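Trainee: Have a look at this one.
2 protein chains.
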Amino acid sequence: MALAGHACTRESAVATRIDISPCNACPVRSMSVCSALEADELKRLADILVSVKVDAGHTLFAEGDGADTLFNVTAGTMKLYKLLPDGRRQITGFLLPGDFLGLSINDTYAYSAESVTPASLCRFPRRRLEGLLEDYPKMQRRLFAMASSELAAAQDQMLLLGRKNAKERIASFLLMLSERARRRGYAENPVHVPMSRSDIADYLGLTTETVSRTFTQLKTSRAISLLEGGKVRLNDMEILQELAEGV
Amino acid sequence: MALAGHACTRESAVATRIDISPCNACPVRSMSVCSALEADELKRLADILVSVKVDAGHTLFAEGDGADTLFNVTAGTMKLYKLLPDGRRQITGFLLPGDFLGLSINDTYAYSAESVTPASLCRFPRRRLEGLLEDYPKMQRRLFAMASSELAAAQDQMLLLGRKNAKERIASFLLMLSERARRRGYAENPVHVPMSRSDIADYLGLTTETVSRTFTQLKTSRAISLLEGGKVRLNDMEILQELAEGV
DNA sequence: GTCGCGCTTTGATCTGGATCAAGGCGCGAT
DNA sequence: ATCGCGCCTTGATCCAGATCAAAGCGCGAC
Chain A
160 MALAGHACTR ESAVATRIDI SPCNACPVRS MSVCSALEAD ELKRLADILV SVKVDAGHTL
220 FAEGDGADTL FNVTAGTMKL YKLLPDGRRQ ITGFLLPGDF LGLSINDTYA YSAESVTPAS
280 LCRFPRRRLE GLLEDYPKMQ RRLFAMASSE LAAAQDQMLL LGRKNAKERI ASFLLMLSER
340 ARRRGYAENP VHVPMSRSDI ADYLGLTTET VSRTFTQLKT SRAISLLEGG KVRLNDMEIL
400 QELAEGV
Chain B
160 MALAGHACTR ESAVATRIDI SPCNACPVRS MSVCSALEAD ELKRLADILV SVKVDAGHTL
220 FAEGDGADTL FNVTAGTMKL YKLLPDGRRQ ITGFLLPGDF LGLSINDTYA YSAESVTPAS
280 LCRFPRRRLE GLLEDYPKMQ RRLFAMASSE LAAAQDQMLL LGRKNAKERI ASFLLMLSER
340 ARRRGYAENP VHVPMSRSDI ADYLGLTTET VSRTFTQLKT SRAISLLEGG KVRLNDMEIL
400 QELAEGV
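First to last, the protein sequences are chains A and B. Using our numbering, the letters of the first sequence correspond one by one to residues 160 to 406. Using our numbering, the letters of the second sequence correspond one by one to residues 160 to 406.
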């Protein structure tokens, strides 16, 4: 299952070795794995990393692939997902610049990773990164902290998937995107929503039709405005917040 | 919200300071945070830990409480859950001996923790544990590994909550319990299912009625047998596995 | 330009699981 | 023994969201 039909565009990725300067210039260093490092440590990190650029819709790796690489998103949006044999899909997360992906318990990836928009990533060979982690406990702690906050997000998502209705899910989703944009210093309103209705549906456990109808409902009730270019203006944060919290 | 009506039985917990010998005798040491430690390191750990015993239905802490403690389950079953203001509940996990709880990103717990059965736990003051983690990177790595595998489990659960139907959820749940029992060296068939229908429902995003009906269906189709004492015999692993994987 | 294709929206209908309702059953308290 | 209370099961009905169907509407290829 895991490999079938997914690796098709893998080779199209542009991969170039880079020196330390891009690391220093990296716009997301402060929110990445490397945020914990000093200049000399950064140099050693730059030694092992490779920068990767991918088009929209590129499969970076598939569930079941050998997990020999860890990535850090530096630009664009990625999605992680799991599939059932009959094609049902659950997107387990959207990744923005600063987020990492590629952790695994055994030595295969537990999910597939695909770009939503054109994206750039830093690519760390797992082996060599592990050596680095041994030497730089700060970085180890940083990675641990990032995993912990992912775990907290996963628990929020379980609450959403298990107990919230469609309107509450959409409201939660929009507020989550807005909050994440804010914390990265991007425009938080209108929110940039680069993913398709179908991706949103598979993230929220709904169908595209229900996502579309719910957006329309929220628009009709003036809580949001749908702008062109995949932007959504949040007009009434209070109402959205109440919806999201399920009051 | 977070504190209301939850702390009622907190003080009934029996808490006694113990020396290192219980640590050496600890039946779950090999699968706990402390599995990475040598004898002398273990001694220092024993110095800061406190053993806690609780009755069934005891609230260990509530969402929003100050997160100054980390726990390791040594006996019994715990549940973690999140609530919506109107009372809807999502159980985000059941913990068995060896599992830990109490991680937090900011300094408050992101979920409530309650015992399902009478339970015992090791209690680590966060501050002092952090010091230990600095000195023993092995333990840090161990904790990281445990968090990673929790993250993987959370992603499986998102797939379940977002995309599986009732029968598939119940089958997945039973197999998960069986597998976890196996990995701990307990009886894996029949499986011990100590939690109520209502707990199962809130874990699987269903209602008690649907859980009950689905158990009955599986029983009628001979895939399982419901035994007394909260035991379930898995008669046809093949069918259950196919159901769980959504073939 | 305009053709074609994929994405989105909207409408009509269906259905799995929720909700509402009523016993049954086990067990601890009296 | 039996009362009462919390589960659990089963039945009847309902409904939010899925499914089926059919237009719009960009937008890139030619």
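A virtual CB, placed ideally from N, CA and C, is assigned to each residue, including glycine. Computed from a prediction, not measured in an experiment: that's the story for all the values here.
1. According to DSSP, simplified to helix, strand and coil, what is Arg322 (chain A)?
2. In chain B, which residues lie less than 7 Å from Ala311 (chain A) when you measure between Cβ atoms?
3. Closest Cβ-Cβ distance between Glu397 (chain A) and chain B: below 7 Å?
4. Taking C-beta pairs closer than 7 Å, name the residues in chain A that Lys241 (chain B) reaches, listed in chain order.
5. Anything in the region 247-261 of chain B with a Cβ closer than 9 Å to a Cβ of chain A? List those residues in chain order, please.
6. In or out: Leu386 (chain A) buried (at least 16 other Cβ within 10 Å) or exposed?
7. Provide the residue span of the alpha helix (DSSP H) that contains Thr369 (chain B), from first to last.
8. So, does the region 279-292 of chain B touch the region 201-216 of chain B, judging by three or more C-beta pairs under 8 Å?
9. Suppose the cutoff is 6 Å on Cβ atoms and the five residues either side in sequence are ignored; what does the same chain contact list for Glu273 (chain B) look like?
10. Do Arg309 (chain B) and Leu260 (chain A) have their C-beta atoms closer together than 7 Å?
11. Using a Cβ cut-off of 9 Å, which residues of the region 322-333 of chain B contact any Cβ in chain A, in chain order?
12. Where does Cys281 (chain A) fall in DSSP's three states?
13. Mind checking if Phe303 (chain A) is an interface residue toward chain B, Cβ cutoff 7 Å exclusive?
14. Given 8 Å as the limit, is there contact between the region 295-309 of chain A and the region 319-326 of chain A, that is, 3 or more CB pairs closer than that?
15. By how many angstroms is the C-alpha of Ala312 (chain A) removed from the C-alpha of Ile398 (chain A)?
16. For Glu404 (chain B), collect the residues of the same chain with a Cβ closer than 7 Å to its Cβ; drop the 5 residues on either side in sequence, then sort them by chain order.
17. If you draw a straight line from the C-alpha of Ser215 (chain A) to the C-alpha of Ser355 (chain A), how long is it?
18. Please check if any C-beta of chain A sits within less than 7 Å of the C-beta of Ser171 (chain B).
19. Can you find a CB in chain A that lies within less than 7 Å of the CB of Val139 (chain B)?
20. Can you name the residues of chain B whose CB is closer than 8 Å to the CB of Glu404 (chain A)?
21. Taking the alpha-carbon of Leu255 (chain A) as reference, which of A:Leu196, A:Leu242 and A:His351 has the nearest alpha-carbon?
22. Output needed for Ser271 (chain A): all residues of its chain with C-beta closer than 6 Å, excluding positions within five of it in sequence on either side, in chain order.
23. Where does Gly235 (chain A) land, buried or exposed, given buried means 16+ other C-beta within 10 angstroms?
24. Less than 8 Å between the CB atoms is what I'm expecting for Ser357 (chain B) and Thr367 (chain B), so what's the real figure, rounded?
25. In chain order, what residues of the same chain have a beta carbon less than 6 Å from the beta carbon of Met190 (chain A), not counting five sequence neighbours either side?
26. So Met317 (chain B) and Leu320 (chain A) are in contact, right, with Cβ under 8 Å, and what is the actual spacing, rounded?
27. Return the chain-ordered list of same chain residues with a C-beta closer than 6 Å to the C-beta of Val493 (chain B), the five sequence neighbours on each side being excluded.
28. So with CB distances below 7 Å, who are the chain A contacts of Ser371 (chain B)?
29. Tell me whether the beta-carbon of Ile264 (chain B) lies closer than 7 Å to the beta-carbon of Asp361 (chain B).
30. Can you grab the Cα-Cα spacing for the pair Thr228 (chain A) / Val192 (chain A), in whole Å?
31. Helix, strand or coil for Ile383 (chain B)? Go by DSSP, reduced to three states.
32. Could you check the C-alpha separation between Glu289 (chain A) and Leu334 (chain A) for me, to the nearest Å?
33. Compare the C-beta of Ala306 (chain B) against all C-beta atoms of chain A and say whether one is closer than 7 Å.
34. So, with DSSP's three-state summary, where would you put Met305 (chain A)?
Mentor: Judging by the given coordinates:
1. Residue mapping note: residue 322 (chain A) aligns to position 163 of the first sequence, counting from 1. Helix, per DSSP.
2. Your numbering for residue 311 (chain A) matches position 152 in the first sequence. In chain order: Ile264 and Ala269.
3. Indexing the first sequence from 1 puts residue 397 (chain A) at position 238. No - not a single Cβ of chain B is within 7 Å of the one on Glu397 (chain A).
4. The residue labelled residue 241 (chain B) in the question sits at position 82 within the second sequence. Those within 7 Å of Lys241 (chain B) in chain A are Gln314 and Leu318.
5. Arg247, Arg248, Gln249, Ile250, Thr251 and Gly252
6. Counting from one through the first sequence, the residue named residue 386 (chain A) turns up at place 227. With fewer than 16 Cβ atoms within 10 Å of its Cβ, Leu386 (chain A) is classed as exposed.
7. One-based indexing of the second sequence puts residue 369 (chain B) at position 210. From DSSP, the alpha helix (DSSP H) with Thr369 (chain B) extends over Thr367 to Thr379.
8. yes
9. In the second sequence, residue 273 (chain B) corresponds to position 114, counting from 1. Excluding residues within five positions, the ones whose Cβ falls inside 6 Å are Thr218 and Lys238.
10. Against the second sequence, residue 309 (chain B) aligns to sequence position 150. Against the first sequence, residue 260 (chain A) aligns to sequence position 101. Correcting the residue identity first, residue 309 (chain B) is Glu in this sequence and not Arg. Contact: no.
11. Arg322, Lys323 and Glu327
12. Stepping through the first sequence from its first residue, residue 281 (chain A) is reached at position 122. Strand, per DSSP.
13. To locate residue 303 (chain A), count along the first sequence from 1; it is residue 144. Yes, contact with chain B.
14. no
15. The residue you call residue 398 (chain A) lines up with position 239 of the first sequence. The residue you call residue 312 (chain A) lines up with position 153 of the first sequence. The alpha-carbon atoms of Ile398 (chain A) and Ala312 (chain A) are separated by roughly 22 Å.
16. By 1-based counting over the second sequence, the position of residue 404 (chain B) is 245. None.
17. Translated into positions along the first sequence, residue 215 (chain A) becomes position 56. Translated into positions along the first sequence, residue 355 (chain A) becomes position 196. It should be pointed out that residue 215 (chain A) corresponds to Ala in this sequence rather than to Ser. Cα-Cα distance, rounded: 12 Å.
18. The count along the second sequence starts at 1 and reaches residue 171 (chain B) at position 12. Residue confidence for Ser171 (chain B) is low, a pLDDT of 41 falling below 50, so the modelled location carries little weight; the figure read from the coordinates is stated next. Taking Cβ atoms only, chain A never reaches closer than 7 Å to Ser171 (chain B), which makes this a no.
19. Residue coverage of chain B in this structure runs from 160 to 406, which leaves residue 139 (chain B) outside it and unanswerable.
20. Along the first sequence, read from residue 1 onward, the residue named residue 404 (chain A) stands at position 245. Chain B residues near Glu404 (chain A): Leu243 and Pro244.
21. For the purposes of this step, residue 255 (chain A) is taken as residue 96 along the first sequence, with counting starting at 1. Of the candidates A:Leu196, A:Leu242 and A:His351, the one whose C-alpha sits nearest the C-alpha of Leu255 (chain A) is A:His351.
22. What you label residue 271 (chain A) is simply residue 112 of the first sequence in a count that begins at 1. These residues qualify, in order along the chain: Ala221, Glu222 and Tyr240.
23. Along the first sequence, one-based indexing puts residue 235 (chain A) at 76. Looking at its Cβ environment, which holds 16 or more other Cβ atoms inside 10 Å, Gly235 (chain A) is buried.
24. Stepping through the second sequence from its first residue, residue 357 (chain B) is reached at position 198. Stepping through the second sequence from its first residue, residue 367 (chain B) is reached at position 208. The pair is a contact, with the Cβ atoms about 5 Å apart (cut-off 8 Å).
25. Residue mapping note: residue 190 (chain A) aligns to position 31 of the first sequence, counting from 1. Excluding residues within five positions, the ones whose Cβ falls inside 6 Å are Gly257.
26. Numbered from its first residue, the second sequence carries residue 317 (chain B) at position 158. Numbered from its first residue, the first sequence carries residue 320 (chain A) at position 161. With a Cβ gap of about 6 Å, Met317 (chain B) and Leu320 (chain A) count as contacting.
27. In the structure as shown, chain B starts at 160 and stops at 406, and residue 493 (chain B) therefore has no counterpart that could be examined.
28. What you label residue 371 (chain B) is simply residue 212 of the second sequence in a count that begins at 1. Per Cβ cutoff of 7 Å: no residues; Ser371 (chain B) is ~18 Å from chain A at best.
29. Walking along the second sequence from the start, residue 264 (chain B) turns up at place 105. Walking along the second sequence from the start, residue 361 (chain B) turns up at place 202. Result no, Cβ atoms of Ile264 (chain B) and Asp361 (chain B) do not sit closer than 7 Å.
30. Taking the first residue of the first sequence as 1, we reach residue 228 (chain A) at position 69. Taking the first residue of the first sequence as 1, we reach residue 192 (chain A) at position 33. Answer to the nearest angstrom: the Cα atoms are 14 Å apart.
31. The residue labelled residue 383 (chain B) in the question sits at position 224 within the second sequence. Strand.
32. Position 130 of the first sequence holds residue 289 (chain A). Position 175 of the first sequence holds residue 334 (chain A). Distance between the alpha carbons of Glu289 (chain A) and Leu334 (chain A) is about 35 Å.
33. Within the second sequence, residue 306 (chain B) is the residue found at index 147, counting from 1. At least one chain A Cβ lies under 7 Å of Ala306 (chain B).
34. On the first sequence, position 146 is the one that residue 305 (chain A) refers to. Three-state result, Met305 (chain A): helix.
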